[in-house]
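Heads up: the sequence shown begins at 388 in this note's numbering, then just goes up one per residue.
Working notes, structure below.
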Amino acid sequence: MCPLDPSPHGGEILHQPPERKFPPPKRDDVPASQPDIDQRPALPDHPEQMAVDIEDEEADPVIDSGPGISK
């Protein structure tokens with residue numbers, strides 16, 4: 388099921404004033420609440436090694452040549 392688009396149609400924009408009001412903006416001078424660190428999930432003890440972590444420079448060396456690179 389597709390989400391419903393709440394935006395008004397073209398005729399409503401031209402001829403009818405909006406019935407819904409925007410919520411008032413939040414004040415910046417109110418301090419934000421501190422995050423609750425106790426609710427965070429724990430880090431894994433032994434994370435899996437991913438293919439991105441394995442790098443073999445001998446098999447795939449970085450070539451420092453091309454425009455703008457001087458040797």
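Ideal Cβ placement from N, Cα and C applies to all residues, glycine included.
Since the model is a prediction, treat every value here as computed from it, not as a measurement.
Looking only at Q421, R414 and S394, the smallest Cα-Cα distance to K408 is reached by S394.
Collapsing the DSSP output to three states places Q421 in coil.
Here the C-alpha atom of Q426 lies approximately 30 Å from the C-alpha atom of A438.
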